[in-house]
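The next block holds one structure in the form of structure tokens; read it before the comments.
In the UniProt record's numbering, the protein residues as written are 1 to 202.
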């Protein structure tokens, strides 16, 4: 949004709507009951919506903070992703909900359906391997859509965090796309079952 000339009001409105739609759908996939208009109100005013949980509202603020960090700090840095960068994205995603766990690798074993992610003591190695792959020639030479999908899958497979893995993985996916000058994609809440089924199949 910040890169759009102020005189181009039509494009700015479209981009703003796309921005808010992404926040709405990415938190709705995780179970949020906030409406699109409520999310716009929360982001623009920072005032709470009566009758809705503060956790849901802080989840929306966290995704907004992470997207702004990506757009201002990481977008221009193709091929130089670090573990610290991913942790920083996650710190913003979860920081308003759980500042203790935000930006920190989990210290307990988790189970995700039939998938058993790596043991906590192996997470640093897995994350190093992930960022090495993200920066590798093999990855950078893939079609950007394939590269982005694999980046999403690899991070969610490791499941390095107590919470916020899906939101962080979708943000990483869109970062890869935008770095390749592709538009970010929004996985709609109506596609939730299909989205999770695709991850299970992978």
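Beta carbons are placed, not taken as given, at the ideal position from N, Cα and C, and that holds for glycine.
Check: Between residue 28 and the ligand SAH, is there a pair consisting of the residue's CB and a ligand heavy atom that are separated by less than 6 angstroms?; Outcome: This structure lacks the ligand SAH; in fact it carries no ligand of any kind.
Check: Of all Cβ atoms in chain B, is any one closer than 7 angstroms to the Cβ of residue 25?; Outcome: No chain B appears in the structure shown, which is made up of a single protein chain.
Check: Using CA atoms only, rank isn't needed, just tell me which of 158, 46, 173 is closest to residue 149.; Outcome: 173
Check: Based on Cα-Cα distance, which residue from 89, 154, 21 lies nearest to residue 101?; Outcome: 89
Check: How many angstroms separate the CA atom of residue 108 from the CA atom of residue 14?; Outcome: 42 angstroms
Check: Taking the Cβ atom as the reference point for each residue, do residue 65 and residue 171 lie within a distance shorter than 7 angstroms?; Outcome: no
Check: Does residue 145 come out as helix, strand or coil in the three-state DSSP assignment?; Outcome: helix
Check: For the candidate residues 192, 160, 177, whose alpha-carbon lies nearest to that of residue 77?; Outcome: 177
Check: Answer with buried or exposed for residue 141, where buried requires no fewer than 16 other C-beta atoms within 10 angstroms of its C-beta.; Outcome: exposed
Check: Counting only the same chain and skipping the five closest in sequence on each side, list residues whose C-beta sits under 7 angstroms from that of residue 119.; Outcome: 109
Check: Nearest by alpha-carbon distance to residue 83: which of 186, 137, 104 is it?; Outcome: 104
Check: In terms of residues, what are the limits of the alpha helix (DSSP H) holding residue 163?; Outcome: Where residue 163 is concerned, there is no enclosing alpha helix (DSSP H), given that its DSSP letter is neither H nor E.
Check: Counting along the chain, where does the alpha helix (DSSP H) carrying residue 138 start and finish?; Outcome: 137-140
Check: If I'm right that residue 42 touches residue 57 with Cβ under 8 angstroms, what's the distance once you round it to whole angstroms?; Outcome: 5 angstroms
Check: Based on Cα-Cα distance, which residue from 60, 115, 98 lies nearest to residue 202?; Outcome: 115
Check: Taking just the CA atoms, how far does residue 47 sit from residue 85?; Outcome: 29 angstroms
Check: Taking a contact to mean a Cβ-Cβ separation below 7 angstroms, would you say residue 152 touches residue 169 in this structure?; Outcome: yes
Check: So for residue 115, helix, strand or coil by DSSP?; Outcome: strand
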